[in-house]
Each structure stands twice: as structure tokens, then as C-alpha cells.
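**Q** Okay, handing you the structure first.
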Amino acid sequence: MHPIRRLRAASLVLGITVALVALGSALAQEPTYTPTGTLDATIDGVPVAFGTYVTVVPEPSESIDDARARALAGRLVGREVATATTIATDPLVVNGVVAMAATLTLDLRGSVGAPERGRDDRRELVLGIRLDPETLAWTGDPDHVSVAFHPERWSGSAYYQLQDLTLIELQVERASDTTLRATGRIEATLVWREGGFMVTFDPERTLALTVEFAVDPVVGDEALAALLGD
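Number 119 in the numbering used here belongs to position 131 of the sequence shown; there are no gaps in the numbering.
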């Protein structure tokens, strides 16, 4: 599979998760979410329990008037959606030379309770950690760790992001052809950022974060299986 197509396939889970929220009443019933892991955080001294979940998209509602929403819901019926996933890409080869190595990233999206529509607490904590595909260890590069804390609800432009990484402990194991299990701990300082193309930071708004996580499974797909092999 072409690396761009593979990345798109791996990113599809996130898109479907967003679609579930956007579809709202287009679904005949609220999806049933099964816990898959915990992200136990302390944010500026305040404990917050985040979790990861998996669900299967239910049938669309017969009463929905929005034809486009019904069509989208119909295409997603029966698809498994997880908030803890892997993103795998093929190496980029140019004229027989590897210009960019294959990558494997853990994408752990924690919410306070299941990500159901209408919930009162919409805080989210998102961890991204790039792994060495050969060893499943963190690559050792601080630039390969991302943290985003959304203090009110998810936002693509205004949230706390990683400023300084103090500690990362990580253990990842292969659970099946297309799943991993991951445990670890991160200690870091976060800083408030705003903007899309032009990002600004507020050095007066920082948070101390400690998070211990344990997730099983971290859900992948054929891209993960192909990257890791037998």
C-alpha cells in the first residue's frame, strides 16, 4: 500500500470517531463503549481519570431527516472504532534510496468517561508516542512525543501542548497481528497555545502533568500487521 494511502487508512479511525459525535441523533441508539485502558493523570496537583474506549457503529435511525447523515451512518455500520490506535506508515523510497524510514506511532485519546454525546465533562488528554518498529520501544527522540490537554472540550487550535518532557517510561508488547498493549508514565510541563497556521504560546499559562497509562488493546489494522511482520 502507498504510504500516503496507508496513513490515511490508519487515520480513518480518528475520522470515524469524530463522525460518531457529529452524527448525533442520526444513529438509532447511542453506541455502547467498552473501556480499553486508563490514563490516570495529575494536572497541576489535581487528579483526573481519563479512559480509552472501543465501540461498534450502530444502525442509523429511521426517523432522521438528514439524508447525508443517514448515508454516512449507513456506511459506518458495524465498523469497530477505538480511541487508542496505532498509525503505521511505509518507508518512503526515492530512486531506490530510503528517504524516510517506516514509522509507528501510538495515538492514545483519553476522555473523562465514554465519549458519548451530551456528556458533562468533555476534557480530553491525547498522547502520541513514536516507536521503533523493530523493538516497539520509544525512539528516544523527545520530538517524537506529543501531549495535548483540552481543558474544556476538544479543540484543533486552542489547548495545552507539550513544552518540556521530564520523564517517559514505556513498555509496548504485541498482543495480536493488529493490536498492541502499552503501559507507561510521562512527566512533563505543558504550555497554552492558540492558532492554526500562526501559533502563539502563552508562557504565563503552564501546567505540570504526570500521567500513568495502561491500554490493552491499542488497535491497529493491516498496516500494523504488514509493518511488524510475523
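For each residue, glycine too, the CB sits at the ideal point set by N, CA and C.
Does the region 177 to 186 come into contact with the region 140 to 155, if we say contact requires no fewer than three beta-carbon pairs (one atom in each stretch) closer than 8 Å?
**A** yes
**Q** Where does the unbroken alpha helix (DSSP H) through leucine 212 begin, and where does it stop?
**A** Per DSSP, the continuous alpha helix (DSSP H) segment holding leucine 212 begins and ends at 210 to 216.
**Q** Can you tell me where the beta strand (DSSP E) holding tyrosine 21 begins and where it ends?
**A** Here tyrosine 21 belongs to no beta strand (DSSP E), and DSSP marks it neither H nor E.
**Q** From aspartate 165 to isoleucine 174, what distance separates their C-alpha atoms?
**A** Their Cα atoms are separated by approximately 27 Å.
**Q** Give the DSSP-derived three-state secondary structure of arginine 105 in the structure shown.
**A** Here arginine 105 sits in coil by DSSP.
**Q** With a Cβ-Cβ cutoff of 8 Å, do threonine 40 and leucine 96 count as a contact?
**A** Contact flag set, yes.
**Q** Pick helix, strand or coil for aspartate 129, following the three-state DSSP scheme.
**A** Under the three-state reduction of DSSP output, aspartate 129 falls in the coil class, being neither helix nor strand.
**Q** Using the three-state DSSP reduction, which class does leucine 124 fall into: helix, strand or coil?
**A** Of the three classes helix, strand and coil, the one that applies to leucine 124 here is coil, per DSSP.
**Q** Can you name the start and end residues of the beta strand (DSSP E) that aspartate 152 belongs to?
**A** 146 to 164
**Q** If you follow the beta strand (DSSP E) that glycine 98 is part of, which residue opens it and which one closes it?
**A** Note, glycine 98: beta strand (DSSP E), 91 to 99.
**Q** Are the beta-carbon atoms of leucine 94 and threonine 74 separated by less than 8 Å?
**A** yes
**Q** Under a three-way DSSP split, which group does arginine 141 fall into?
**A** coil
**Q** In this structure, does DSSP put arginine 63 in helix, strand or coil?
**A** Under the three-state reduction of DSSP output, arginine 63 falls in the helix class.
**Q** Does valine 65 pass the burial test, meaning 16 or more other C-beta atoms within 10 Å, or should it be called exposed?
**A** exposed
**Q** Ordered along the chain, which non-local residues of its own chain (more than five positions away) have a Cβ less than 6 Å from that of valine 45?
**A** Leu64, Val65 and Arg67
**Q** Verify whether the separation of the beta carbon atoms of glycine 106 and phenylalanine 38 is less than 8 Å.
**A** Not a contact, by the Cβ cut-off of 8 Å.
**Q** Buried or exposed for alanine 125, please, with buried defined as at least 16 other CB atoms from any protein chain shown within 10 angstroms of its CB.
**A** exposed
**Q** Going by C-alpha to C-alpha distance, which of Asp209, Val86, Arg111 and Ala202 sits closest to serine 143?
**A** Arg111
**Q** Tell me which residues share the same chain as arginine -4 and place their Cβ nearer than 8 Å to its Cβ, disregarding the 5 neighbours each side in the sequence.
**A** For arginine -4, the predicted structure reports a pLDDT of 39, less than 50, and the residue's modelled location is therefore unreliable. A value from the coordinates is still provided. No residues qualify anywhere along the chain.
**Q** Mind checking which residues open and close the beta strand (DSSP E) that includes aspartate 190?
**A** 188 to 207
**Q** Can you tell me the Cα-Cα spacing of methionine 186 and aspartate 218, whole angstroms?
**A** 44 Å
**Q** Which same chain residues end up closer than 6 Å to valine 114 when comparing Cβ atoms and leaving out the 5 residues on each side of it in sequence?
**A** So the qualifying residues of the chain are Arg97 and Ala136.
**Q** Can you tell me the Cα-Cα spacing of threonine 188 and glutamate 200, whole angstroms?
**A** 29 Å
**Q** Whole-angstrom Cβ separation of alanine 202 and threonine 177, contact assumed at under 8 Å?
**A** The Cβ separation is near 23 Å, so there is no contact.
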